[in-house]
């Protein structure tokens with residue numbers, strides 16, 4: 001069911017989380033800062049999550065009092081940007097099916113060390129995703145992974161890339177960048193640890209420089225078609241860290 005406007009005004013948002021957009025069906029997009037969890041994984045994590053509210057892992061839903069909000073996709077805690085939620089369980093199932101069918105367009109921006117050889121390129125790889133001790137690790141394997149890359153701007157030793165994943169493997173963009181000698185700045189798992197340390201000292205900021213910029217799609221609900229789009233502004237530290245442009 002649709003939610004009244006005062007429902008959205010009263011969301012128990014986590015630290016720094018903002019509402020980007022919502023429609024009359026109860027679909028909404030939130031802007032998640034880096035360091036905030038999509039949902040709590042353990043006791044004591046609620047206060048650094050998307051919503052400061054109890055979360056049901058089985059139904060993938062936040063609940064406070066009589067209110068419920070379903071989580072439709074996830075971002076790594078270190079990644080910032082657009083994340084989707086819905087008030088209606090039927091609508092939530094519809095949008096999740098769109099994600100599984102790869103019918104959702106997602107655009108990211110990433111600050112990487114180095115500069116790509118080509119200004120635009122389609123990256124095609126084969127990856128494997130494994131869980132190790134509750135953590136996800138991705139590397140070479142048999143699952144197809146495809147992303148469109150475009151160079152937006154280069155600075156001193158770093159470049160800003162536009163990345164549009166066509167598949168949805170865990171850590172896909174982080175691994176595809178690293179495999180091409182373009183590790184994402186601040187990546188503590190697949191990145192260049194020495195350069196991360198030097199960059200953090202110089203820029204006086206420490207985060208994974210990967211941001212979910214735009215999400216858009218069309219969906220059918222109750223017999224009608226609806227468009228939905230949301231954009232989360234690029235955090236200022238991305239531009240600030242580029243320095244003088246050479247593009």
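In this note's numbering, the protein residues as written are 1 to 247.
Each residue gets a CB set at the ideal place from its N, CA and C atoms; glycine is no exception.
None of the values given here were measured: they were computed from a predicted structure.
Length of the line joining the Cα atoms of residue 230 and residue 219
About 14 Å.
Residue range of the unbroken alpha helix (DSSP H) whose run includes residue 90:
Here the alpha helix (DSSP H) through residue 90 covers 89 to 100.
If you draw a straight line from the alpha carbon of residue 150 to that of residue 132, how long is it in whole angstroms?
Cα to Cα, the separation comes out at about 32 Å.
Here's the rule I'm using: 16 or more other beta-carbon atoms within 10 Å means buried, otherwise exposed. How should residue 209 be labelled?
Under the 10 Å beta carbon count, residue 209 is surrounded by 16 or more other beta carbons and is classified as buried.
Pairwise C-alpha distance: residue 200 and residue 193
Each residue's Cα considered, the two are about 11 Å apart.
If we count the other Cβ atoms within 10 Å of its Cβ and call it buried at 16 or more, is residue 80 buried or exposed?
With 16 or more other Cβ atoms within 10 Å, it is buried.
Could you give the C-beta distance for residue 124 and residue 140, rounded to a whole number, given that I count them as a contact under 8 Å?
So it is not a contact: roughly 13 Å between Cβ atoms.
Compute the distance between the beta-carbons of residue 17 and residue 30, then report whether it is under 7 Å.
A Cβ-Cβ contact shorter than 7 Å links residue 17 with residue 30.
Which listed residue (167, 8 and 15) has its alpha carbon closest to that of residue 67:
Nearest C-alpha to residue 67 among 167, 8 and 15: 8.
How many angstroms separate the CA atom of residue 175 from the CA atom of residue 11?
Cα to Cα, the separation comes out at about 34 Å.
Nearest neighbour of residue 241, chosen from 222, 224, 226 and 198 [CA to CA]:
Of the candidates 222, 224, 226 and 198, the one whose C-alpha sits nearest the C-alpha of residue 241 is 198.
Identify which residue in 106, 148, 93 and 156 has its Cα closest to the Cα of residue 119.
Ranking the options by Cα distance to residue 119, first place goes to 148.
Spatial neighbours of residue 19 within its chain, please: CB distance less than 7 Å, with the 5 preceding and 5 following residues excluded, ordered by chain position.
Cβ within range, chain order: 8, 11, 28 and 30.
Taking the Cβ atom as the reference point for each residue, do residue 221 and residue 91 lie within a distance shorter than 7 Å?
In this structure, residue 91 lies closer than 7 Å to residue 221 by Cβ.
Compute the Euclidean distance between the alpha carbons of residue 117 and residue 110, then round it to the nearest angstrom.
One C-alpha to the other measures close to 16 Å.
Nearest CA to the CA of residue 179: which residue from 105, 41 and 114?
For the residues 105, 41 and 114, the minimum Cα distance to residue 179 belongs to 114.
For a test of the three-state rule: what should DSSP assign to residue 230, helix, strand or coil?
Look at residue 230 here: in three-state DSSP terms it is strand.
Enumerated in chain order, which unbroken segments of the beta strand (DSSP E) with a length of 3 residues or greater are wholly contained in the region 143 to 195?
Counting only runs of 3 or more residues that sit fully inside the region 143 to 195, the beta strand (DSSP E) segments are 143 to 154 and 158 to 165, in chain order.
Own chain partners of residue 85 with C-beta closer than 7 Å, once the 5 adjacent residues on each side are dropped:
A distance below 7 Å between beta-carbons, with the five flanking residues on each side excluded, links residue 85 to the following residues of its chain, in chain order: 28, 30, 69, 70, 71 and 72.
Beta-carbon contacts of residue 98 that lie in its chain and below 7 Å, excluding the five residues immediately before and after:
Excluding positions up to five away in sequence, the list reads 104, 217 and 219.
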